[in-house]
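Per numbering that gives the first Met the number 0, the sequence shown starts with residue 0, numbered consecutively.
Every residue, glycine too, gets a C-beta built ideally from N, C-alpha and C.
Since this is a predicted model, take the numbers as computed values, not measurements.
Notes follow the structure.
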Amino acid sequence: MTARVAWTYQDYAALPDDGKRYEIHDGELCEMSAPTMLHQILLFELAVVLRAHVRARNLGLVMVAPLDVILIDTPSETTVLQPDIVYLDHGRLDAARMRGVEGAPTLAVEILSPSTAVIDRTRKRELYARYSVPHL
């Protein structure tokens, strides 16, 4: 029987830049497929609308992928996601760091694609809920 080795943010950050996208789900390294053209169009349009709303009302900060959201659980940081859009209200702006967002954002948006819909609706939704992301 082999022992399961949990991936950490440190392991993730040390990965070579091979052109692939990765996330860590509870210590498991997951390769993510590239987004489709429709996905990117929807991402851009939604981000523009959300950013305009947030900026006009001075509500916080809107960011788009690729951006690491490191869901803090233990010092090992074994859950790292890249939501399509991230919103931080003023009360959570201190989570914005140079390496990404450390902790739960106010809002995490996943644009569903055929290749990721099941993971987005199940596994990632559960992770966001577990780490107290108020809006998914």
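Test item: CB-CB of residue i and residue j under 8 angstroms
i	j	result
V79	I23	yes
Y86	L49	yes
L60	L92	yes
H38	I84	no
T6	L28	Strictly speaking, residue 6 in this sequence is Trp, with Thr absent from that position. For W6 and L28, yes; Cβs fall inside 8 angstroms.
V108	P82	yes
Alpha helix (DSSP H) segment containing residue i, residue limits
i	result
Y86	Unbroken run through Y86 is the beta strand (DSSP E), 84-88; no alpha helix (DSSP H).
K40	Reading off the sequence, residue 40 comes out as Ile, not Lys. I40 -> alpha helix (DSSP H) spans 36-55.
E101	Unbroken run through E101 is the beta strand (DSSP E), 99-101; no alpha helix (DSSP H).
R124	124-129
D10	8-12
Local conformation of residue i per DSSP, three classes
i	result
M0	Confidence is the limiting factor: at M0 the pLDDT is only 49, short of 50, which leaves the residue's position unreliable, though a coordinate-based value still follows. Reduced to three states, the DSSP call for M0 is coil.
V61	strand
I118	helix
L92	helix
L66	coil
I23	strand
L106	strand
Limits of the beta strand (DSSP E) - the one that residue i falls within
i	result
E30	27-31
R111	Note that residue 111 is Leu in the sequence shown here, rather than Arg. Premise fails: L111 is in no beta strand (DSSP E) and is neither H nor E.
E76	It is not in any beta strand (DSSP E) - E76 carries neither H nor E in the DSSP assignment.
CA-to-CA distance, residue j to residue i, given in whole angstroms
i	j	result
D72	T121	19 angstroms
V47	Q9	32 angstroms
T140	A64	Because the chain is modelled from 0 through 135, residue 140 falls outside the range shown and cannot be assessed.
T77	P113	26 angstroms
A103	A94	8 angstroms
Y11	H52	34 angstroms
E30	I69	16 angstroms
Y21	N57	32 angstroms
E44	L66	18 angstroms
M62	D88	12 angstroms
Any non-hydrogen atom of the ligand ZN within 7 angstroms of residue i CB
i	result
P104	Annotation note on the ligand ZN: not contained in the displayed structure, which lists no ligands.
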